[in-house]
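Those protein sequences? They're chains A and B, same order as listed.
Under our numbering, the first sequence is numbered contiguously, ending at residue 124.
Under our numbering, the second sequence is numbered contiguously, ending at residue 180.
Even glycine gets a Cβ: it sits at the ideal position worked out from N, Cα and C.
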Amino acid sequence: AQSVTQLGSHVSVSEGALVLLRCNYSSSVPPYLFWYVQYPNQGLQLLLKYTSAATLVKGINGFEAEFKKSETSFHLTKPSAHMSDAAEYFCAVSLFVQGGSEKLVFGKGTKLTVNP
Amino acid sequence: DVKVTQSSRYLVKRTGEKVFLECVQDMDHENMFWYRQDPGLGLRLIYFSYDVKMKEKGDIPEGYSVSREKKERFSLILESASTNQTSMYLCASNRGEVQPQHFGDGTRLSIL
């Protein structure tokens with residue numbers, strides 16, 4: 009069964025530092041993977057998605073993620089953190105259920121703090 | 069731009085009440101979803117629907133039901149609210165397979 013593990017429920021970085029948020033997945037078939045961001049008191053917004061095209065996926069706000077099949081990872085990075093990046097980030101994998109419908113399985117989330 | 073609107077941002081109800089959470093999307097999406105979000109647990113799928121009048125149980129359907137009479141509207145029903153259903157509820161929709169889900173801003177529900 010597909011599942012997602014996000015390593016580190018809280019990550020703290022300084023403004024201008026590299027952001028690295030880790031996500032590992034388990035899947036018996038080639039996965040479709042997503043990163044979402046949730047700002048305080050808002051719903052989730054799509055940052056980027058991987059659907060088996062390029063392994064390096066660029067998203068909004070300067071974020072990117074690299075799909076590594078050998079490591080079953082899809083880590084999210086940003087070269088230089090900005091104060092506005094403070095939010096909670098969710099990794100998700102697409103799961104096809106019996107009958108052909110599809111749902112997302114989410115990780116537990118990583119809360120990013122950016123220090124001035 | 070896709071808009072998913074949840075009828076209430078904050079709601080306070082009493083145990084035993086029947087509670088309705090409403091969600092409307094304006095992009096003619098086939099699929100709609102209800103999640104609950106709790107600290108440290110991430111998002112958990114309650115129910116989803118891939119067509120009008122169709123519904124499928126998610127991972128935690130107990131104590132909930134749903135209704136989808138029209139394509140744009142997906143309602144979550146707490147038949148008899150209990151305190152352990154105090155949570156943030158998020159509605160989402162998407163066009164089809166492997167398409168990104170678009171989320172509403174959530175309803176923070178407190179059951180007293």
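Straight-line Cα distance separating residue j from residue i
i	j	result
VAL120(B)	HIS97(B)	11 Å
SER135(B)	LYS123(B)	8 Å
VAL45(A)	PHE101(B)	18 Å
VAL166(B)	CYS99(A)	14 Å
PHE88(B)	THR63(A)	42 Å
ASP127(B)	LEU111(B)	10 Å
VAL27(A)	VAL122(A)	9 Å
TYR33(A)	SER78(A)	11 Å
SER81(A)	LYS111(A)	20 Å
GLY164(B)	ASN99(B)	7 Å
PHE75(A)	VAL37(A)	14 Å
Contacts of residue i in chain E (Cβ-Cβ under 9 Å)
i	result
GLY16(A)	Checking the listed chains, one finds no chain E in this structure; the protein chains it contains are A and B.
Given residue i as reference, the closest of the options once Cα atoms are compared
i	options	result
GLY108(B)	LEU64(A), GLN53(A), LYS57(A), HIS18(A)	HIS18(A)
ILE114(B)	ASP94(B), LYS71(B), ILE145(B)	ILE145(B)
ASP94(B)	SER76(B), ASN162(B), ARG104(B)	ASN162(B)
GLU140(B)	GLN167(B), GLU90(B), THR151(B), GLY131(B)	GLU90(B)
ASN69(A)	LYS77(A), SER34(A), MET91(A), GLU79(A)	MET91(A)
GLU92(B)	PHE171(B), ILE128(B), ARG112(B)	The residue you asked about is not Glu; residue 92(B) is Val in the sequence shown. Selected option, being the one with the closest Cα: PHE171(B).
SER60(A)	LYS116(A), VAL21(A), VAL101(A)	VAL101(A)
LYS119(A)	LEU15(A), HIS83(A), ALA95(A)	ALA95(A)
PHE42(A)	ASP93(A), PHE71(A), SER78(A)	PHE71(A)
LYS86(A)	VAL65(A), THR80(A), SER35(A), GLY117(A)	VAL65(A)
LYS199(B)	CYS159(B), ARG104(B), SER143(B)	Lying before the first or after the last residue shown, residue 199(B) is absent from chain B, which here runs from 69 to 180.
GLU43(B)	LEU180(B), THR73(B), GLU130(B), PHE116(B)	In this structure chain B extends from 69 to 180, so residue 43(B) is not present and cannot be described.
ASN49(A)	TYR132(B), SER178(B), ARG77(B), SER117(B)	ARG77(B)
ILE179(B)	SER117(B), MET156(B), THR83(B), PHE142(B)	THR83(B)
Residue-level contact to chain B via CB, residue i, 8 Å cutoff
i	result
PHE98(A)	yes
LEU112(A)	yes
LEU120(A)	no
SER88(A)	no
LEU52(A)	yes
Integer Cβ distance of residue i from residue j, believed to fall under 8 Å
i	j	result
GLY67(A)	LEU52(A)	Going by Cβ atoms, the distance from GLY67(A) to LEU52(A) rounds to 13 Å, so no, they are not a contact pair.
LEU79(B)	THR175(B)	6 Å
ALA89(A)	GLY24(A)	6 Å
SER35(A)	GLN10(A)	5 Å
Interface residues of chain B facing residue i [CB-CB closer than 7 Å]
i	result
LYS57(A)	PRO168
PHE42(A)	PRO168
Chain A residues whose Cβ lies nearer than 9 Å to that of residue i
i	result
GLY108(B)	SER17, LYS116, GLY117
Under 7 Å from the C-beta of residue i: neighbouring residues of chain A
i	result
GLU165(B)	GLU110
Min CB distance residue i to chain A below 8 Å
i	result
GLY126(B)	yes
PHE142(B)	no
ASP173(B)	yes
LEU177(B)	no
LEU79(B)	no
LEU146(B)	no
Any non-hydrogen atom of the ligand COA within 7 Å of residue i CB
i	result
ARG176(B)	This structure does not include the ligand COA; it has no bound ligands of any sort.
Proximal chain B residues relative to residue i, where beta-carbon distance stays under 9 Å
i	result
SER102(A)	GLU165, VAL166
Where residue i meets chain A, residues with beta-carbon distance less than 8 Å
i	result
LEU89(B)	Near LEU89(B) there are no residues of chain A at all, since even the closest Cβ is about 14 Å away, more than 8 Å.
LEU158(B)	GLY51, LEU52
LEU180(B)	The contacting residues do not exist; LEU180(B) stays about 21 Å from chain A at best.
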